[in-house]
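Protein chains in written order, with this note's numbering: chain D, -17 to 300; chain C, 3 to 257.
Ideal Cβ positions, reconstructed from N, Cα and C, are used throughout, including at glycine.
First the structure, in the form of structure tokens, and then the observations on it.
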Amino acid sequence: MYAIETGNLTKQFGSLVALNNITFTVNSGETFGFLGPNDAGKTTTIRILTGITRPTTGFARIFGHDVQKETILARQSIGIVPETSNVYDDLTAWQNMIFTAELYHVGRSERVKRTNSLLQTFGLYERRDDKVHGFSKGMKRRLTLAMGLVNSPRLLFLDEPTSGLDVQSNLIIRDIVTDLVKDGVTVFLTTHNIEEANVMCDRVAIINKGRIAAIDTPERLKKTIRSVQSIEVAFDRTGPDLLAELQTLPLVNDAKKAGDKIRLYTEDPSEVIERVMEYARTRKLKVISMTTLGPSLEDVFIRLTGLKARSGVNYASD
Amino acid sequence: MPAIEIRTFTERVPREFAAAWAIARKDMRTYYIRPNIIVMGILFPLFMFLAFAIGKSAPPGTLIPGLIAITILFSASSIEPVSIPIERRVKTFDRLISAPISMHSLVLGESMSGFLYSIGIAMFPLFIGIIVFQTPVVSAVTLVLGLALGAFCFATMGTLLASYPTENVGDVMSVLNLIRLPLIFISGVFIPIETMPPIGQAIALFSPLTYANDLIRYAYSGSTHFGLLQDVVILFVFILIFQFVAHGLYKKFNE
């Protein structure tokens, strides 16, 4: 059974199409990244998946439960950590946790046990009786995540979990998410931090203007844009003439100065390495270092969203 | 331990009530002492009462039922129009509408906090009447019934009006006052319904305050304009209408 299954999800607000025929699945136990620029449709998708918003057409299921017809059953399996740390400032950390547990029908003894355990895990136990309005941004973020886990969800929606956080809070949250995944929890992660998605996700979907531009593993997505592969080379001397000459080498799509190095973009790195060595011998240059670089997930993101924005071509795949 | 799926109706009902009660307690801890709630829930009805009572020849004790009626109207309907726009602004409302609870439980929980607040505040005019003016209560049962049904009805009305999708408290309060203030004049609180012109008497039939006031007045005087059963039934009907309309509007506006 899929943790999440959507079919032809469309959401219109008047004449605005926020989501356009989105179909994807998330496997149980998978960490799934949902990437996209602002207003791409990420929040609308989460609001539909959590049963807050009804789709105009299409369906969404959480562990087999239709979120429109069996909303409450679907919600019982999920934890939600929204982008905004929506904690009650006038309640203590303990009261926030207990209140959330009550909303999710966690039994009396279990809610106390879970609250104790989660506050300790997130380093908030010593501050449990303090009102939240005195907490730092990182502490509120950690409390929000703890509240999202109080019902022991099988599926966790994480919306920008580490955005704008200090290093300590960032590391705590990433470690905990890693532990959750080990315990079999499915994680649906939306983030602007592409490196975070690259490190944490089994698969990512890139959404742009309400359409899925691509869905695949980060590594396979990188391979789809071979032209972004590059070679970074440093010679024993530098100069503008080198950059201009290297740019004219066969199979080099582009060349850019990167500090004391030159980066050559190509679809065929091995061939270009030979050409560079030949060029160095001809010009009596000494190669100090040479590194091949693959495309980053950020390159994929920019390429897919950029191409789509220009051409309107749909790269949807599943 | 993973979450347990609650499937049957008998499993769900007690849990829905527990969740509604949790929402009510959260509101009590968070909003009861907010300045705008104190002003709208306590001071406003008091000054309204004084404005009418001062200079009247009637003994002050006879005005106590009217004071209780407008106190429960203003206090019960003041919590949610403040708390819900604030919760929308700080996004805690999303926490409520995404929880595995029925929208009816959300409306009920929100209304319960207004109801309990109002019952607490109504004790002030009640005890002032008993202790200061020695105003006798003829039927304690009817008084409890009038207070409970009236407070719950006005609290649900407040929750209904707070469904308007705004993050600004003033937006809801202005609409609420547009409704509450005329209710005082058309519901027999200060001007007995019998002495109102026919058009006024007809309009009074559509005000829930009319029936709550009639019940409370009976508790003090032993006389009723509509009859106790009719007052109780109509207040129940108002509560159900407000509850179901609120349920529908919260669902609609959150999409």
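In terms of DSSP beta bridges, what is residue i paired with?
i                     : result
residue -13 (chain D) : D:7 and D:43
residue -6 (chain D)  : D:-1
residue 213 (chain D) : D:246 and D:274
residue 139 (chain D) : D:62 and D:170
residue 48 (chain D)  : D:43
residue 16 (chain D)  : D:172 and D:187
residue 74 (chain D)  : D:113
Mark residue i as exposed unless 16 or more other C-beta atoms lie within 10 angstroms of its C-beta, in which case mark it buried.
i                     : result
residue 191 (chain D) : buried
residue 42 (chain C)  : buried
residue 145 (chain D) : exposed
residue 3 (chain C)   : Interpretation of residue 3 (chain C) is limited by its pLDDT of 48, a score under 50 that renders its predicted location unreliable; no figure is taken from the coordinates.
residue 125 (chain C) : exposed
residue 61 (chain C)  : exposed
residue -17 (chain D) : exposed
residue 14 (chain D)  : buried
residue 270 (chain D) : exposed
residue 273 (chain D) : exposed
residue 127 (chain D) : buried
residue 160 (chain D) : exposed
residue -10 (chain D) : exposed
residue 143 (chain C) : exposed
residue 178 (chain D) : buried
residue 115 (chain D) : exposed
residue 136 (chain C) : exposed
residue 111 (chain D) : exposed
residue 164 (chain C) : buried
Relative to the C-alpha of residue i, which residue among the options is closest?
i                     : options                       : result
residue 183 (chain C) : C:129, C:149 and C:79         : C:79
residue 169 (chain D) : D:-8, D:9, D:-6 and D:-3      : D:9
residue 49 (chain D)  : C:101, C:26, C:31 and C:140   : C:101
residue 153 (chain C) : C:238, C:49 and C:64          : C:238
residue 70 (chain D)  : D:87, D:62 and D:125          : D:125
residue 110 (chain C) : C:157, C:72, C:133 and C:218  : C:157
residue 58 (chain D)  : D:86, D:39 and D:82           : D:86
residue 252 (chain C) : C:92, C:21 and C:107          : C:107
residue 39 (chain C)  : C:55, C:201, C:218 and C:160  : C:160
residue 214 (chain C) : C:44, C:70, C:187 and C:96    : C:70
residue 196 (chain D) : D:30, D:284 and D:41          : D:284
residue 93 (chain D)  : D:78, D:30 and D:120          : D:78
residue 106 (chain D) : D:166, D:116 and D:75         : D:75
residue 276 (chain D) : D:212, D:262, D:245 and D:235 : D:212
residue 266 (chain D) : D:-6, D:33, D:219 and D:46    : D:219
residue 254 (chain D) : D:233, D:100, D:237 and D:242 : D:233
By the three-class DSSP mapping on this structure, what secondary structure does residue i have?
i                     : result
residue 38 (chain C)  : helix
residue 100 (chain D) : helix
residue 247 (chain C) : helix
residue 15 (chain C)  : helix
residue 156 (chain C) : helix
residue 335 (chain D) : Any property of residue 335 (chain D) remains undetermined from this structure, which presents chain D solely from -17 to 300.
residue 238 (chain D) : strand
residue 348 (chain D) : An answer regarding residue 348 (chain D) cannot be provided, because it is not within the stretch -17 to 300 covered by chain D.
residue 230 (chain D) : coil
residue 32 (chain D)  : coil
residue 64 (chain C)  : helix
residue 219 (chain D) : coil
residue 26 (chain C)  : helix
residue 281 (chain D) : helix
residue 56 (chain C)  : coil
residue 257 (chain C) : coil
residue 302 (chain D) : The shown model of chain D, from -17 to 300, leaves out residue 302 (chain D), and the question about it has no answer.
residue 37 (chain D)  : coil
residue 169 (chain C) : coil
residue 149 (chain D) : helix
residue 179 (chain C) : helix
residue 287 (chain D) : helix
residue 206 (chain D) : coil
residue 94 (chain D)  : helix
residue 316 (chain D) : Lying before the first or after the last residue shown, residue 316 (chain D) is absent from chain D, which here runs from -17 to 300.
residue 20 (chain C)  : helix
residue 27 (chain D)  : helix
residue 78 (chain C)  : helix
residue 258 (chain D) : helix
(request) Give, in chain order, every unbroken run of the alpha helix (DSSP H) that is at least 4 residues long and sits entirely within the stretch 164 to 202 of chain D. (result) 176 to 182
(request) May I have a chain-ordered list of the alpha helix (DSSP H) segments no shorter than 4 residues that lie completely inside the stretch 185 to 255 of chain C? (result) 200 to 206, 210 to 223 and 230 to 255
(request) Write down every uninterrupted run of the alpha helix (DSSP H) in the stretch 87 to 155 of chain C whose length is 4 residues or greater and which is fully enclosed by it, in chain order. (result) 94 to 99 and 105 to 129
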